[in-house]
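Under the working numbering, the first residue of the sequence shown is numbered 2, with each subsequent residue one higher.
No residue lacks a Cβ here, since even glycine has one placed at the ideal position from N, Cα and C.
On a predicted model such as this, the values are computed, not experimentally measured, just so you know.
Notes to accompany the following structure.
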Amino acid sequence: MPIRDATTDDWPAIWPFFHAIVTAGETYAYDPDMSEERARSLWLLPPPGRTVVAVDDDGTVLGSAKMNPNQMGPGAHIASASFMVDPAQAGRGVGRALGEHALDRARRDGYHAMQFNAVVQSNTRAVALWRSLGFEVIGTVPEAFRHPTKGYVGLHVMYRRL
Ligand SMILES: CC(C)(COP(=O)(O)OP(=O)(O)OC[C@H]1O[C@@H](n2cnc3c(N)ncnc32)[C@H](O)[C@@H]1OP(=O)(O)O)[C@@H](O)C(=O)NCCC(=O)NCCS
């Protein structure tokens, strides 16, 4: 599955599924009412961040990932990443391909490890996917996320060395 660096021209294709995922309120601690402009600046990162898109043979954007140092300065050798796949394209391997790409890219960029700071405990698909890519849950912040139907659920910190 081709994965390439995103450009501002990709944003109109990313925004509809970004918006759908964030307004669903089940997987990201993002403001569901955030403006499109705010969303674009949050997702399309300047260096040293990177944003990529996974595309179909016909160029359709299927999903996107952003990667960045998890902290600044003395914490900048640990990478972090975020992922969104168009719900219409779920379950066909896009998330796995983006995850593998992010790990490979972080390794090549010289990061020591990758950390996800806030994986919603009830997001079983994501938790299973990250575990299968070698991440472990190193801790869970209890009741840190207010799920629209499940109430307060935990946020996992997930980590793997590179
Ligand atoms: C999580 C997400 C990135 C997964 O992307 P995807 O393209 O649907 O995932 P894939 O098709 O690559 O499936 C990956 C794995 O998910 C797991 N999975 C798939 N369907 C599942 C289900 N219904 N229940 C539990 N796990 C499931 C499997 O482990 C699968 O592995 P496999 O390749 O062995 O079958 C995507 O659903 C998404 O963008 N969700 C909303 C935003 C989000 O949750 N982002 C991650 C925040 S941490």
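Asked                                                                                                                           : Found
Assigned exposure category for M73 - 16 Cβ within 10 Å defines buried                                                           : exposed
For K67: DSSP bridge partner residues                                                                                           : T52, S83
Beta carbon of E144 nearer than 8 angstroms to that of R161                                                                     : no
Identity of the residue in N118, R5, A129 nearest L156 by Cα                                                                    : N118
Extent of the continuous alpha helix (DSSP H) run through E137                                                                  : Element bounds for E137: not the alpha helix (DSSP H) but the beta strand (DSSP E), 137-148.
Cut-off 8 angstroms between Cβ atoms - residues of its own chain near P88, not counting five sequence neighbours on either side : F18, A21, I22
Contact test: R126 Cβ vs ligand 1 heavy atom, cutoff 7 angstroms                                                                : yes
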